[in-house]
Amino acid sequence: MANDNLGKISLSTILTAMNGRKDLVEEIVSLFLQQAPQDLLAITEALNKGESEEIIRTTHHMKSTVSIFGASNLSQILHEMEELGKSGKDLGKIKLLNLELKKECGEAIEEIKSKINSNY
Amino acid sequence: MSFLKKLFAPKNQKTGIVFIIEDNATYSKTVEAFIKANFSEVKNVRIFPVGETCLPELDKNPDIIIVDYLLNSKYFDAESGLEIIKKIRSQSPNVSIVVLSSQQEIDVVTQLVKTYNCNYIKKDDQAFDKMKEMINTFYKS
Chain D
11 MANDNLGKIS LSTILTAMNG RKDLVEEIVS LFLQQAPQDL LAITEALNKG ESEEIIRTTH
71 HMKSTVSIFG ASNLSQILHE MEELGKSGKD LGKIKLLNLE LKKECGEAIE EIKSKINSNY
Chain G
87 MSFLKKLFAP KNQKTGIVFI IEDNATYSKT VEAFIKANFS EVKNVRIFPV GETCLPELDK
147 NPDIIIVDYL LNSKYFDAES GLEIIKKIRS QSPNVSIVVL SSQQEIDVVT QLVKTYNCNY
207 IKKDDQAFDK MKEMINTFYK S
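Protein sequence lines, in the order shown, are assigned to chains D and G. Residue 11 is where the first sequence starts when you use my numbering, and the numbers rise one by one after that. Residue 87 is where the second sequence starts when you use my numbering, and the numbers rise one by one after that.
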């Protein structure tokens, strides 16, 4: 497989984990493509409510989702949001990070679709 | 398994059952797929999004329980992974427990490993390699 670690998403790690089974990777990608938008919505709703506990939970929840594809930039943004949520302050900063998260996640989704379509 | 079978079963007998306690559906199904793709010894994988629901099932004698440390990030009223681990340990003192988490605090990790005799794996891009090694070691023992 060509080096696919240059973008935001890596499929090589998950492909190795699935013992080379592309069918399983594609099932997982399909789940991710359904879940990631739901996670983003949950985070935005938590921010709109301004409830720290909910912000912490929803960002932590999404960390698991993105960790599957080694999306370290997304993990880092979510980690920052979670830590700021724990401090109970800087809601404005968390909202800015959320904008970055949405942008990065959108790009990651496009990248993953492109890799799947190009038979990674 | 009947009482007599349990009594006379070799101590190292494996059931081929693995439990996954994880409230993130994508992650739990990924772990399930990973196990099925790599371990023919595992005949049955059960997923429990809510930790409490696995406790009545411990009599199935799972070989390994993979559990998320936080666990109540989706179902807010559910017990945390740590509380579930404590309850699992009280009912099944010898089951192998693997805790998965993006938890980074070393104190928490140390507590899990020492106090509850768990294995800990961080949810990062090496998680599946480490899980593979751990599960391989278990089924070769």
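Every residue gets a Cβ at the ideal spot worked out from N, C-alpha and C, and that includes glycine. Note that the coordinates shown come from a computational prediction; the quantities given were computed from them, not determined experimentally.
- Is Asp49(D) near Thr75(D), with beta carbons less than 8 Å apart? If you check the CB distance, Asp49(D) and Thr75(D) come in under 8 Å.
- Of the listed residues Leu144(G), Asp154(G), Glu143(G), Asn147(G), nearest to His10(D) (C-alpha basis): As shown, chain D starts at 11 and ends at 130. That puts residue 10(D) outside it, with no answer to give.
- Item | Supposed contact pair Val184(G) and Asn205(G) - C-beta distance, whole angstroms, cut 8 Å | 5 Å
- Would you list, in chain order, the members of the segment 206-224 of chain G that have their beta-carbon closer than 8 Å to a beta-carbon of chain D? Lys209, Asp210, Asp211, Ala213, Phe214, Asp215, Lys218
- What are the complete alpha helix (DSSP H) segments, minimum 4 residues, inside the segment 61-90 of chain D? Counting whole runs of 4 or more residues, the segment 61-90 of chain D contains the alpha helix (DSSP H) stretches 62-77.
- Task: Specify the secondary structure class of Ser176(G) as computed by DSSP and reduced to three states.
- Result: helix
- Excluding the 5 residues preceding and the 5 following Gly98(D) in the sequence, name in chain order all residues of the same chain whose CB lies nearer than 8 Å to its CB. Apart from the 5 residues on each side of it in sequence, Gly98(D) sits with its Cβ closer than 8 Å to the Cβ of Ser62 in its chain, given in chain order.
- For the beta strand (DSSP E) that contains Val153(G), what are its first and last residues? 150-154
- Message: According to DSSP, is Asn130(G) part of a helix, a strand, or is it coil?
- Response: In the structure shown, Asn130(G) falls within a strand segment according to DSSP collapsed to helix, strand and coil.
- Item | contact_flag[the segment 106-121 of chain G, the segment 143-157 of chain G] where n(CB pairs < 8 Å) is 3 or more | yes
- Item | Closer than 8 Å at the beta carbon, the chain G residues around Asn29(D) | Ala123, Asn124
- Query: Is the segment 109-126 of chain D touching the segment 40-57 of chain D in the sense that three or more CB pairs, one from each, lie closer than 8 Å?
  - Reply: Contact between the segment 40-57 of chain D and the segment 109-126 of chain D is present, because at least three Cβ pairs lie under 8 Å.
- Item | Stretch pair the segment 185-199 of chain G + the segment 164-175 of chain G: three plus CB contacts closer than 8 Å | yes
- Can you tell which of Ala119(G), Glu138(G), Ser114(G), Lys146(G) has its C-alpha closest to the C-alpha of Lys100(G)? Lys146(G)
- Query: Within the 8 Å Cβ cut-off, does Asn130(G) reach chain D?
  - Reply: Not closer than 8 Å to any Cβ of chain D, the Cβ of Asn130(G) fails to qualify, so no.
- Can you name, in chain order, every residue of its own chain whose Cβ lies under 8 Å from the Cβ of Val199(G), other than the five neighbours on each side? The residues are Asn205, Tyr206.
- Item | Closest residue to Lys173(G) among Ile150(G), Gly137(G), Gln197(G) (Cα-Cα distance) | The option with the nearest alpha carbon to Lys173(G) is Gly137(G).
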